[in-house]
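> The numbering used here puts the last residue of the sequence shown at 576; the count rises by one with no breaks.
Backbone N, C-alpha and C define an ideal beta-carbon position, used for all residues, glycine too.
What follows is a single structure, and I will ask about it in a moment.
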Amino acid sequence: MDFTLTPEQELVRETARAFCDREITPHAREWDREEELDRELVGKLAEIGFLSGWELDTLSYCLVMEELGVADSSVRGVVSVNVGLVGKTIKRWGTEEQREEWIPKLGSGEALGCYALTEPGSGSDPASLMTRAERDGGDWLISGSKIFITLGTWAKVALVFARTGGEGARGLTCFLVPTDSEGFEAHPIKGKLGLRAQDTGELFLERVRVPDSARLGAEGEGFKVAMSALDNGRISLAAGCVGITRGCLDASVAYAKQRTQFGQPIARFQLVQELIADIGVELEAARLLTWRAGALADAGDRHTLESSVAKYYASEVSVRAANAA
């Protein structure tokens, strides 16, 4: 695979970096302390085209996610959920009417979307989720709860996964649920260790009524819909973690050059050099794994394994880089 960036991709990266330097980095510490992003940022993200990231090739999208990861991964989460988990999923699985209703709104920032899969009793095992949807004439009544949902209180539409059949993966169906529906409640979750500025919510659905036209994909295909969305989400997250690692590397190098001990910058000490070198090597490896998954996605090839490997390695590397920094 040739990962030489095209002039267009270089421009995407430069544009994203300049935007982050201007609109995000100066405010990141304040947002983290206040545990809330400035909502005016949503319009700015839409104006520059980040909220319609499905229009970019995947490698260009990864470049944007990396820059957002460097600046503030809380912002990265807003974009990657709205684009990777929600927008791309509607574009793939939605009817023409569903795409016409939601894609323009998601891209313009008029509406944000959330991905409501995780429940208090099922995170890594979504096939065991308990939220249920029961038929009522031509409608569905959905009842259950979701937790740790990014954009849970900001979103105007939620991709809600509910059980419509028996146990296991084949009993799940996905629905597009407007968050202003009667019986739908969202409560913010505060006090997180990380991603503190990113909106995270707990959702409660009590006999929320939606028409059958709100179903995303066929009845019983919810697990397929969920897994295809997570493939996109893993690439987004991996690229964001590459950005976190790069931010740690940049900060480490800058600090090592200015911090003086025993009459010289600590950058001259071999142990410090080794720590920085390890971060740099792992950064390059994580980036290449992420780009490989992106290239497969652009080619239309299955990339479940590759995106999972990239997400796992890039996230582990970002933690090691933060600890070393």
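Rounded to the nearest angstrom, how far is the Cβ of I440 from that of G422, given a contact under 8 Å?
Along the sequence shown, read from residue 1 onward, the residue named residue 440 stands at position 189. Along the sequence shown, read from residue 1 onward, the residue named residue 422 stands at position 171. 28 Å between Cβ atoms; not a contact.
> Which first and last residues belong to the beta strand (DSSP E) in which I398 is found?
Within the sequence shown, numbered from 1, the residue matching residue 398 stands at position 147. Taken as a continuous stretch (DSSP letters only), the beta strand (DSSP E) holding I398 covers 390–401.
> Do L336 and L410 come within 9 Å of each other at the CB atom, strictly closer than that value?
Counting from one through the sequence shown, the residue named residue 410 turns up at place 159. Counting from one through the sequence shown, the residue named residue 336 turns up at place 85. Cβ distance < 9 Å, so L410 and L336 count as in contact.
> Assuming the contact rule is C-beta atoms closer than 8 Å, D501 and A575 should be a hit. Round their C-beta distance to whole Å, please.
Locating residue 501 in the sequence shown gives position 250, where the first residue counts as 1. Locating residue 575 in the sequence shown gives position 324, where the first residue counts as 1. Not a contact, Cβ separation roughly 13 Å.
> May I ask you to report which of helix, strand or coil DSSP gives G452?
Taking the first residue of the sequence shown as position 1, residue 452 is located at position 201. In this structure, G452 counts as strand in the three-state DSSP scheme.
> I'd like to know whether the C-beta atoms of I527 and V504 end up nearer to each other than 9 Å.
To locate residue 527, count along the sequence shown from 1; it is residue 276. To locate residue 504, count along the sequence shown from 1; it is residue 253. It is a contact, given that the beta carbons lie within the stated cut-off.
> Would you kindly work out how many angstroms separate the C-alpha atoms of W344 and L467, rounded to a whole number?
Sequence index remark: in the sequence shown, residue 344 carries index 93 (1-based). Sequence index remark: in the sequence shown, residue 467 carries index 216 (1-based). Near 6 Å, if we compare the C-alpha coordinates of L467 and W344.
> Thinking C-alpha only, which one of S464, S375, G328 is nearest G403?
Position 152 of the sequence shown, counting from 1, holds the residue named residue 403. Here the closest residue by C-alpha is G328.
> Return helix, strand or coil for H278, following the three-state DSSP convention.
Stepping through the sequence shown from its first residue, residue 278 is reached at position 27. Three-state result, H278: helix.
> Looking at the unbroken alpha helix (DSSP H) that takes in V411, where does it start and where does it end?
Walking along the sequence shown from the start, residue 411 turns up at place 160. It is not in any alpha helix (DSSP H) - V411 instead sits in the beta strand (DSSP E) that spans 408–414.
> Let me know if S375 comes out buried or exposed under the rule of 16 or more other beta-carbons within 10 Å of its beta-carbon.
Counted from its first residue, the sequence shown places residue 375 at position 124. So S375 ends up on the exposed side.
> Within the same chain, show all residues whose beta-carbon is closer than 8 Å to that of G494, passing over the 5 residues directly before and after it, in chain order.
Position 243 of the sequence shown, counting from 1, holds the residue named residue 494. So the list reads M316, E317, E318, L319, G320, V321, A322, S324, R327, once near-sequence residues are dropped.
> Residues bridged to T382 by DSSP?
By one-based count along the sequence shown, residue 382 stands at place 131. None; T382 has no bridge partner.
> Hey, how far is the Cα of V263 from the Cα of D387?
On the sequence shown, residue 263 is found 12 positions in, with the first residue counted as 1. On the sequence shown, residue 387 is found 136 positions in, with the first residue counted as 1. The straight-line gap from Cα to Cα measures roughly 48 Å.
> Using DSSP's beta-bridge definition, name the partner residues of T340.
Counting from 1 along the sequence shown, the entry for residue 340 is found at position 89. Per DSSP, none; premise fails for T340.
> Looking at the structure shown, is T266 part of a helix, part of a strand, or coil, going by DSSP?
As a working note, residue 266 is residue 15 in the sequence shown. DSSP places T266 in helix when its eight states are reduced to three.
> If you draw a straight line from the alpha carbon of E287 to that of L540, how long is it in whole angstroms?
Numbered from its first residue, the sequence shown carries residue 287 at position 36. Numbered from its first residue, the sequence shown carries residue 540 at position 289. Cα to Cα, E287 sits roughly 32 Å from L540.
> How about P277 and W391: do their beta carbons lie closer than 9 Å?
Position 26 of the sequence shown, counting from 1, holds the residue named residue 277. Position 140 of the sequence shown, counting from 1, holds the residue named residue 391. No, the pair does not count as a contact, with Cβ atoms beyond the cut-off.
> Does DSSP classify S569 as helix, strand or coil?
Against the sequence shown, residue 569 aligns to sequence position 318. Note: S569 maps to helix in three-state DSSP.
> Could you check the C-alpha separation between T309 and Q524 for me, to the nearest Å?
Within the sequence shown, residue 309 is the residue found at index 58, counting from 1. Within the sequence shown, residue 524 is the residue found at index 273, counting from 1. Looking at the two C-alpha atoms, the distance is approximately 34 Å.
> Does the region 411–431 touch the region 465–480, meaning 3 or more C-beta pairs lie closer than 8 Å?
yes
> Does DSSP put F435 in a helix, a strand or coil?
Taking the first residue of the sequence shown as 1, we reach residue 435 at position 184. DSSP places F435 in strand when its eight states are reduced to three.
> So if DSSP puts D387 in a beta bridge, which residue, or which two residues, is it bridged to?
Here residue 387 refers to the residue found at position 136 when the sequence shown is read from its first residue. Looking at the DSSP assignment, D387 forms a beta bridge with D390.
> Excluding sequence positions up to five away, which residues of its chain have a Cβ less than 6 Å from the Cβ of A406?
In the sequence shown, counting from the first residue as 1, residue 406 sits at position 155. Only L363, G364, C365, T430 meet the Cβ criterion.
> Taking the Cβ atom as the reference point for each residue, do G531 and C313 lie within a distance shorter than 9 Å?
In the sequence shown, the residue the question calls residue 531 occupies position 280. In the sequence shown, the residue the question calls residue 313 occupies position 62. No; because the gap between Cβ atoms is not below 9 Å, this pair is not in contact.
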